[in-house]
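Protein chains: 2
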Amino acid sequence: MNALDYARQHYDRFVEELFDFLRIPSVSTEAARKQDIQRAANWLAAHCRHVGLERVEVFETPGHPIVYAEWLGAKGAPTVLVYGHYDVQPAEKADGWDTEPFTPAIRDGNIIARGATDDKGQLFVHLKAFEAFMQTAGTFPVNIKMLFEGEEETSSLNLGPFIDAHQDLLRADVAVISDTAMFEPGVPAIPYGLRGVVLTDLEVVGPANDLHSGMYGGTVHNPIHALSELIATMHGADGQVAIEGFYDAVRTLDDTEREQLAKIPYTEAVWQRETGAPQPWGEPAYSLIERIGARPTLDIVSIKGGFLGDGTKAIIPHKALAKLSCRLVPDQDPDMIIELIRHHVEAHTPPTVQATLTKLHTASPVLINRDNEAMQVAIEACEKVFGKKPIFLLVGGSIPVVTDFQHKLGLPTILLGFGLPDDNLHGPNEKFSIEQFQVGIQTMLTFYSLLPERVNQ
Amino acid sequence: MNALDYARQHYDRFVEELFDFLRIPSVSTEAARKQDIQRAANWLAAHCRHVGLERVEVFETPGHPIVYAEWLGAKGAPTVLVYGHYDVQPAEKADGWDTEPFTPAIRDGNIIARGATDDKGQLFVHLKAFEAFMQTAGTFPVNIKMLFEGEEETSSLNLGPFIDAHQDLLRADVAVISDTAMFEPGVPAIPYGLRGVVLTDLEVVGPANDLHSGMYGGTVHNPIHALSELIATMHGADGQVAIEGFYDAVRTLDDTEREQLAKIPYTEAVWQRETGAPQPWGEPAYSLIERIGARPTLDIVSIKGGFLGDGTKAIIPHKALAKLSCRLVPDQDPDMIIELIRHHVEAHTPPTVQATLTKLHTASPVLINRDNEAMQVAIEACEKVFGKKPIFLLVGGSIPVVTDFQHKLGLPTILLGFGLPDDNLHGPNEKFSIEQFQVGIQTMLTFYSLLPERVNQ
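Those sequence lines, one after another, are chains S and C. The numbering used here puts the first residue of the first sequence at 124, with every later residue one more than the last. The numbering used here puts the first residue of the second sequence at 124, with every later residue one more than the last.
Here it is, written out as structure tokens:
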């Protein structure tokens with residue numbers, strides 16, 4: 124029996140095992156979940172041992188643990204560094220889930236659970252591809268190192284220092300990450316650009332305490348108004364970011380890139396189906412796909428002020444708070460962007476309140492070099508499995524580790540993911556199609572098989 | 124021993140009893156507190172019986188109970204209807220309290236607890252004045268009816284229907300309410316105008332679900348932006364409400380009123396001490412005291428959107444929600460104001476989102492007639508206790524029952540309160556000065572003693 128036949132025979136069990144992993148609510152953003160994060164790391168380490176990986180270790184960090192595992196029995200073959208993350212975004216049923224987010228369910232051929240596609244289900248593809256080879260051939264075509272972190276959703280703060288401290292351990296020939304989506308079912312996609320990130324708090328403080336809105340309304344500048352007014356200055360009516368200098372460092376797309384992007388059938392109808400929003404918004408001079416991948420954005424991802432429990436508290440609150448997030452593109456510099464926003468906030472804050480911008484984290488935008496043999500193997504593997512070449516995409520999301528792999532380890536990195544655009548990662552009813560899980564395993568079996576012929580150690 | 128001496132001997136016990144009342148977290152805005160509300164009503168009814176009131180009854184309503192008690196043994200004397208409310212605003216230590224809000228404490232001569240001044244402590248003044256007379260004279264100078272509701276902080280929805288259904292029970296010659304503040308220590312104040320209220324939800328809905336901000340940022344109009352942009356259109360830079368027609372029905376102050384208001388020493392320094400805000404805001408053509416009492420306002424009292432737990436969720440949220448509250452002055456009509464706001468919202472909502480305004484409750488503004496004998500007695504009682512006449516105020520707050528007393532029962536109503544402007548009702552560390560509690564009892568003893576000579580039954 125070959126590895127693919129083995130996988131086909133065991134798909135049901137693979138899904139059951141994944142369910143165990145998904146049941147652990149490893150939400151890295153919530154302090155109260157620290158034990159669940161630890162439990163997920165331990166579960167993952169145990170599963171690495173179970174499939175035959177060696178030197179499995181749970182490295183403690185100042186934040187959440189990093190799980191490392193390897194198998195280096197393929198003498199003369201190249202070494203692949205696989206990255207994934209076992210932490211997930213927060214989720215509660217009340218957010219709009221049809222079922223409990225940490226009680227995985229199968230509906231319409233999809234695994235429904237927080238983390239199903241981002242990233243527990245996708246990192247599981249690599250573990251199961253490894254198992255399938257080991258259980259049939261008794262060996263794996265390449266040397267493999269697996270690196271799984273628990274802080275991707277909180278900016279990977281401790282991953283950079285870990286990479287610095289473990290350069291030898293992590294030495295490899297190519298890095299592979301499955302944490303992205305295909306273009307649509309049957310159409311694989313390889314992102315070659317990822318947006319960077321800026322995340323800040325924006326706090327507006329008014330009176331020293333919450334005040335009775337009847338007794339002081341009309342004399343005190345309400346911090347909720349002041350914050351809203353400040354946010355309203357940040358975009359023009361056309362959706363352009365109105366922070367002075369915001370677009371100055373943006374790399375212009377060349378004609379070839381625009382042509383390639385124009386070929387991607389990301390129509391308004393597709394966008395409409397995915398978002399359910401009334402109509403598109405944003406920079407009129409750019410197509411939807413360009414706005415997402417090639418243009419920077421500024422979003423307020425949360426806002427709060429006043430009494431947020433049941434009912435109403437008739438107050439002018441002491442303060443109001445927003446979280447501001449930018450997605451950056453080459454060659455924007457995150458710290459420079461923060462300074463531009465800070466300048467804008469200072470210039471637009473009236474003397475009736477105080478506004479403070481606090482940096483929470485940043486990640487630089489990244490462009491991936493497509494001109495290497497490993498990328499050719501990825502393209503070939505896609506052709507074999509899907510019968511067509513992958514689409515190369517500029518994507519809107521950010522995967523902080525890619526920069527580190529490029530700059531610290533000098534590794535060509537391939538983003539070969541098997542999610543679908545409507546997986547609703549970060550939202551309610553996150554899903555991972557069982558069929559995508561299966562073609563993912565099939566694609567990785569093919570990729571790992573082809574790699575030794577084409578990439579020198 | 125006369126009633127005042129009795130009160131002086133028992134002030135410490137009075138405060139201890141009040142502490143028991145304050146320990147019950149009767150927060151009417153929170154569904155989870157329903158049992159505590161019931162407990163507070165029962166405690167209050169038991170205490171009414173304890174001080175010698177008769178026909179004590181806890182009336183159930185579709186919402187929270189109404190407590191009624193009376194003593195009608197003063198043949199030939201007038202009847203006073205006392206109103207108070209035993210429900211309180213929400214409070215949690217994390218809001219900035221130095222001590223637990225429902226564990227009353229004494230600091231610097233003040234009772235610190237949620238409800239200390241608004242309104243448990245102030246309604247207690249009347250119960251203790253009644254007790255002091257009954258325990259010394261064995262009788263009370265006037266007939267008295269006490270009406271305590273549990274929904275003042277949630278708009279008194281069931282009080283109007285109760286008054287309609289119990290006109291005979293509530294028949295009286297004058298109504299007295301202690302639910303306001305003096306001007307400052309030693310300077311009594313009687314409000315003669317109260318602002319009305321409009322409270323609405325304002326919801327902005329964008330995409331069908333929360334979306335990944337990296338994958339859709341730049342193409343979807345973020346509901347937090349859209350709501351902020353909408354809120355920003357509601358005031359001009361000068362603090363004027365920018366809703367078309369908002370001020371049309373506002374009654375102009377006459378010269379005498381403006382002169383009287385100008386005499387009130389509510390300086391910017393006083394305002395600054397009370398609010399701690401950087402500098403005043405609001406309509407430049409009106410003084411601070413005019414803005415609070417004589418001008419209408421529009422405030423966003425709360426706002427929320429996106430993930431509000433620990434950490435950050437990188438999303439464009441499905442929706443964002445604000446609560447909008449107006450304080451109205453004569454002769455503004457609450458329903459008309461809601462229509463004006465609705466029109467403004469419709470005119471300023473872009474096609475990229477949907478905005479919905481939902482009425483939550485309204486109360487009409489009210490002007491109190493000062494030309495009656497009971498008001499003269501109140502003035503005289505203030506002169507006897509404080510050595511000076513009370514200041515007549517237009518105040519910013521709203522007490523919904525006043526309109527009902529005027530229109531449904533035809534009662535002259537006197538707002539004789541003993542709080543202080545810095546009591547921080549609705550905010551953290553709400554307080555009621557023990558000295559104010561004592562002068563309150565003294566003033567009411569005086570008022571009730573003088574009333575029979577001057578007001579005919």
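C-beta atoms are modelled at their ideal positions from N, C-alpha and C, and glycine is treated no differently. All values reported here derive from a predicted model rather than from experimental measurement.
Chain C residues whose Cβ lies nearer than 9 Å to that of residue i
i, result
"His466/S", "Neighbours of His466/S on chain C: none; closest Cβ ~20 Å, over 9 Å."
"Ser572/S", "In chain order: nothing, as chain C lies at least about 31 Å away."
"Tyr339/S", "Trp394, Glu397, Thr398, Ala400, Ile415, Gly519"
"His530/S", "Ordered by position in chain C, no residue passes the 9 Å Cβ test against His530/S, which lies about 21 Å from the chain."
Close Cβ partners of residue i (< 6 Å) along its chain, the five nearest in sequence each way excluded
i, result
"Pro224/S", "Ala214, Arg237"
"Val190/C", "Ala164, Leu167, Ala168, Val181, Phe271"
"Ala312/C", "Met305, Phe306, Pro513, Ile514, Leu516"
"Ala255/C", "Ala126, Tyr129, Ala130"
"Cys171/C", "Val179, Ala192"
Residue from the options with nearest C-alpha to residue i
i, options, result
"Pro314/S", "Thr536/S, Glu553/S, Gln561/S, Gln559/S", "Thr536/S"
"Leu250/S", "Asp291/S, Gly429/S, Ile234/S, Val299/S", "Val299/S"
"Ala667/S", "Thr569/S, Ser410/S, Gly362/S, Ala365/S", "Residue 667/S lies beyond the stretch modelled for chain S, which goes from 124 to 580, so this question has no answer here."
"His594/C", "Asn266/C, Val424/C, Trp194/C, Ala445/C", "Residue 594/C cannot be examined here, being either before or after the span of chain C that is shown, 124 to 580."
"Thr277/S", "Glu183/C, Thr435/C, Ala154/C", "Thr435/C"
"Ala486/C", "Arg414/C, Met498/C, Pro523/C", "Pro523/C"
"Val174/C", "Pro388/C, Gly337/C, Phe253/C, Gln561/C", "Phe253/C"
"Val562/C", "Leu539/C, Asn552/C, Pro575/C", "Leu539/C"
"Val310/S", "Gly244/S, His358/S, Pro388/S, Asp242/S", "Pro388/S"
"Asp218/C", "Lys198/S, Ile229/S, Ala331/S, Glu391/S", "Ala331/S"
"Ala355/C", "His471/S, Tyr206/S, Asp458/S", "His471/S"
"Ala295/C", "Leu490/C, Glu183/C, Cys171/C, Tyr206/C", "Tyr206/C"
"Met459/C", "Leu573/C, Ala478/C, Tyr370/C", "Tyr370/C"
"Thr342/C", "His289/S, Leu376/S, Glu397/S, Asp456/S", "Glu397/S"
Closer than 8 Å at the beta carbon, the chain C residues around residue i
i, result
"Ala126/S", "What Ala126/S touches in chain C: nothing, since even the nearest Cβ is about 33 Å away."
"Trp394/S", "Thr342"
"Lys446/S", "Gly429, Thr435"
"Thr420/S", "Ser336, Gly340, Gly341"
Proximal chain S residues relative to residue i, where beta-carbon distance stays under 9 Å
i, result
"Val476/C", "Ala400, Pro401, Trp404"
"Pro453/C", "Correct list: empty, because the minimum Cβ distance to chain S is about 15 Å."
Cβ-Cβ separation, residue j to residue i (assumed contact under 8 Å), whole Å
i, j, result
"His208/C", "Gly273/C", "7 Å"
"Val468/S", "Ser448/S", "Going by Cβ atoms, the distance from Val468/S to Ser448/S rounds to 15 Å, so no, they are not a contact pair."
"Phe144/C", "Trp194/C", "Not confirmed; about 20 Å, so no contact."
"Gly416/S", "Gly519/S", "6 Å"
"Pro488/C", "Arg318/C", "5 Å"
"Pro401/S", "Val452/C", "So it is not a contact: roughly 38 Å between Cβ atoms."
"Arg582/C", "Glu496/C", "Absent from the model: residue 582/C. The displayed extent of chain C is 124 to 580, so no value can be given."
Sequence-distant residues of its chain with Cβ nearer than 7 Å to residue i (five each side left out)
i, result
"Leu293/C", "Leu204, Lys268, Leu270, Ile286, Leu532"
"Ser556/S", "Gly232, Asn233, Leu543"
"Met124/S", "Thr259"
"Lys554/S", "Asn233, Ile234, Ile235, Ala239, Thr240, Asp546, Asn547"
"Gly340/S", "Ile439"
"Lys482/S", "Thr323, Ile461"
"Phe528/C", "Ala298, Leu534, Thr536"
Proximal chain C residues relative to residue i, where beta-carbon distance stays under 7 Å
i, result
"Phe212/S", "Strictly speaking, residue 212/S in this sequence is Gln, with Phe absent from that position. Residues of chain C passing the Cβ test: Lys436."
"Phe430/S", "Pro213, Ser425"
"Ile439/S", "Asp422"
Within chain S, partners of residue i - CB distance below 8 Å
i, result
"Ala443/C", "Ile426"
Contacts of residue i in chain S (Cβ-Cβ under 7 Å)
i, result
"Glu352/C", "Ala355"
"Thr277/C", "Gly434"
Close Cβ partners of residue i (< 8 Å) along its chain, the five nearest in sequence each way excluded
i, result
"Lys442/C", "Glu326, Val327, Val328, Gly329, Pro346, Gly428"
"Ala437/C", "His335, Ser336, Gly337"
"Pro227/S", "Leu141, Phe142, Leu145, Arg146, Ile234, Ile235, Ala236, Ala239"
Chain C contacts made by the segment 141 to 155 of chain S, where a contact means CB separation under 9 Å: Answer in chain order: Val150, Ser151, Thr152, Glu153, Ala154, Ala155.
Where the segment 533 to 547 of chain S meets chain C: residues whose CB sits under 7 Å from a CB there: So the close ones are Asn547.
Short-range partners of chain S found in the segment 481 to 493 of chain C, where Cβ spacing is below 8 Å: Hits within the stretch, in order: Leu483.
Interfacial residues, the segment 236 to 258 of chain C to chain S, with Cβ spacing under 8 Å: The residues in question: there are none.
Residues of the segment 155 to 166 of chain S with Cβ closer than 8 Å to any Cβ of chain C, in chain order: Residues passing the 8 Å Cβ filter: Ala155.
Interface residues of the segment 549 to 576 of chain C facing chain S [CB-CB below 7 Å]: From the segment 549 to 576 of chain C, only His549, Gly550, Pro551 have a Cβ closer than 7 Å to chain S.
Chain-ordered residues of the segment 268 to 294 of chain C with a beta carbon less than 7 Å from chain S: Cβ contacts with chain S come from Thr277.
Near-chain S residues of the segment 356 to 369 of chain C (beta-carbon distance less than 7 Å), N- to C-terminal order: Going along the segment 356 to 369 of chain C in chain order, one finds His358 with a Cβ nearer than 7 Å to chain S.
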